[in-house]
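**Q** Under the UniProt record's numbering, think of the first position of the sequence shown as 1, with each following residue one higher.
Beta carbons: idealized from backbone N, C-alpha and C, even for Gly.
Computed from a predicted model, the values in this text were never measured in an experiment.
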Amino acid sequence: MNSINADYEESDDCILFKKNIFFHTHVNSSQSNNLLTFIEEETNPHDIIVIANSDDASNTALFNCRELLCNISLNEILESKYGYKCYIPQRDGFEGHNQVIRLLLEEEYKKLNNTNNNAELTEEEITTCVQYLIYILDMGHFIPNAHVVLGHIDEPMDEGVVVELAWGRTLGKAVIGWRTDIRPVFGDMTHSLKGIHWFVSNQCDKYIYHAFHDIVNTKEATSQLYVVAESIHEAITACEIEGKFSASRPVSLQPSSSIQQQWLNHGKIIFDGITNFHAQNNLRLIVQRLLTLKQQGLFCLPAVINKHH
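1. Which same chain residues end up closer than 6 angstroms to N276 when comparing Cβ atoms and leaving out the 5 residues on each side of it in sequence?
2. Measure the CB-CB distance between Y82 and H210 and report whether it falls below 8 angstroms.
3. Can you give the Cα-Cα distance for L74 and C204, rounded to whole angstroms?
4. Comparing alpha-carbon positions, which option in L69, S201 and Q296 lies nearest M157?
5. Please classify L150: does DSSP put it in a helix, a strand, or coil?
6. What does DSSP give as the partner residues of A174 in its beta bridges?
7. Roughly how many whole angstroms lie between the Cα atoms of I259 and S223?
8. Measuring only the C-alpha atoms, how far is residue 311 from W178?
9. Counting C-beta neighbours from all protein chains within 10 Å, is the total for V130 16 or more, i.e. buried, or is it exposed?
10. Quick one: what does DSSP say G297 is sitting in, helix, strand or coil?
11. Quick one: grab the DSSP three-state call for K110.
12. If you draw a straight line from the alpha carbon of E124 to that of R102, how long is it in whole angstroms?
13. Go to K307, then tell me how far its alpha helix (DSSP H) extends in each direction, as first and last residue.
Okay, here's the thing in structure tokens:
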């Protein structure tokens with residue numbers, strides 16, 4: 001969200017880093033496509049989840065130059081200076097592999113139905129599979145295995161980021177939001193929340209506001225980003241001291257049949273034992289597991305009631 005270091009422990013299904021950060025920025029996943037391996041040093045026992053905000057899915061900022069530069073730059077500081085392991089949407093997700101995944105879905109579906117040479121997924125089914133894979137990567141894998149959910153919550157707010165902050169809170173993760181906007185959307189700048197909607201800020205254990213005033217060159221902007229990174233590090237340290245990491249492990253939700261528990265189960269089913277999600281063979285295995293869930297009718301999706309065609 002990048003690896004916090006070699007301080008890890010074994011669970012029944014996977015290796016959990018002591019502290020993980022899931023990184024989300026303005027957009028939701030031009031780079032939600034990659035998974036970092038951990039850095040082998042013993043500094044912070046944190047895995048970081050960095051979450052940022054974006055526009056709606058059709059033109060989310062997360063995948064444009066602005067947000068990519070911001071996320072990558074902040075990520076480099078958090079990893080190199082503080083030793084965190086971060087999961088970043090722009091780098092660690094699947095959005096950038098959309099076309100490859102679609103092709104693999106078509107190929108593997110035919111293999112799964114080898115008795116029917118004409119078997120093929122509809123365009124809507126393919127799109128739904130891709131969307132579900134991206135969703136479960138965040139909700140069933142990255143966030144459950146992280147210690148910290150870090151959200152870049154400038155405007156316009158991304159719906160996915162808001163959901164991820166709330167999900168991190170539900171799972172007992174340390175949730176940290178950071179904001180730089182100098183124009184208020186709700187309330188005014190004299191209020192301590194600095195114009196953010198309080199429903200979002202109330203999901204956060206720590207809320208950081210840092211205005212980038214009078215920035216005239218990239219050197220000054222970079223120095224300000226270092227200040228933001230320091231504030232994030234201090235917030236994470238405070239959360240640890242306050243015991244907010246005590247619950248920061250994958251959990252079992254009750255009842256076990258709940259849709260939320262199914263997200264966690266599907267995260268394990270699809271991604272268990274795989275570290276490099278973007279290697280061709282691993283991506284194919286992920287798609288095979290995803291299709292098996294689909295064939296069994298296990299996708300956790302809403303019943304769509306559409307009275308107007």
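**A** On the basis of the coordinates in this document:
1. N282
2. no
3. 19 angstroms
4. S201
5. strand
6. V148
7. 44 angstroms
8. Because the chain spans 1 through 309 in this model, residue 311 falls outside it and cannot be assessed.
9. buried
10. coil
11. helix
12. 11 angstroms
13. From DSSP, K307 is part of no alpha helix (DSSP H); its letter is neither H nor E.
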